[in-house]
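Visitor:
In my numbering, the protein residues as written are -19 to 110.
#1: Sort 84, 76, 61, 45 by Cα distance to residue 12 and report the nearest one.
#2: Mind checking which residues open and close the alpha helix (DSSP H) that includes residue 60?
#3: What does the alpha-carbon distance come out to for the pair residue 78 and residue -16?
#4: Kindly identify the DSSP beta-bridge partner or partners of residue 53.
#5: Going by beta-carbon coordinates alone, are residue 20 and residue 14 separated by less than 7 Å?
#6: I'd like the list of long-range same chain contacts for residue 40, defined as Cβ closer than 7 Å, with 5 residues on each side in sequence excluded.
#7: I need the boundaries of the alpha helix (DSSP H) containing residue 151, first residue and last residue.
#8: Evaluate residue 49 with the Cβ neighbour count: other Cβ atoms within 10 Å of its Cβ, from every protein chain shown; 16 or more gives buried, anything less gives exposed.
#9: Express the C-alpha separation of residue 8 and residue -13 in angstroms, rounding to a whole number.
#10: Taking all protein chains shown into account, decide if residue 86 is buried (16 or more other Cβ within 10 angstroms of its Cβ) or exposed.
#11: Can you tell me the Cα-Cα spacing of residue 36 and residue -9, whole angstroms?
In structure tokens:
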């Protein structure tokens, strides 16, 4: 069952999850998005909430609305989304992360991927101590 964070509107959280799937190539560019009803059933949400999430992705230039057919992933959507996510990261997440790294005295060499445990597939920041 999907859990939602009370600090952000559910439609925005769903839009972020769908954007993550788009970054991973699901669905591929040029292909249709799942229907509002299918997404509502999958995430157990009101179709209006799902529609609002899809509209947010369309407003970001990631989806095309083809009347009578549905929403399709726009060509170049992955590149556009990557650009948007980079801008969002650099503007909102990086300053906080940079401050925390400085406070902890971590250097770039401390953050090398080979310092992570080989079985760490979740992207967690747990480091080897051996």
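Beta carbons are placed, not taken as given, at the ideal position from N, Cα and C, and that holds for glycine.
From a predicted model like this one, the values you see are computed outputs, not experimental measurements.
Guide: Once the coordinates are examined:
#1: Of the listed residues, the one whose Cα sits closest to residue 12 is 45.
#2: Counting along the chain, the alpha helix (DSSP H) containing residue 60 begins and ends at 57 to 68.
#3: If you take the alpha carbons of residue 78 and residue -16, they lie about 27 Å apart.
#4: Paired residue(s): 43.
#5: The Cβ atoms of residue 20 and residue 14 lie no closer than 7 Å to each other.
#6: Cβ neighbours of residue 40 within its own chain (closer than 7 Å, five residues either side excluded): 64.
#7: Nothing can be reported for residue 151, as the shown portion of the chain is limited to -19 through 110.
#8: Label assigned to residue 49: exposed.
#9: Spanning the two alpha carbons is a distance of roughly 31 Å.
#10: Exposed, because fewer than 16 other Cβ atoms sit within 10 Å of the Cβ of residue 86.
#11: Going by C-alpha positions, residue 36 is about 8 Å away from residue -9.
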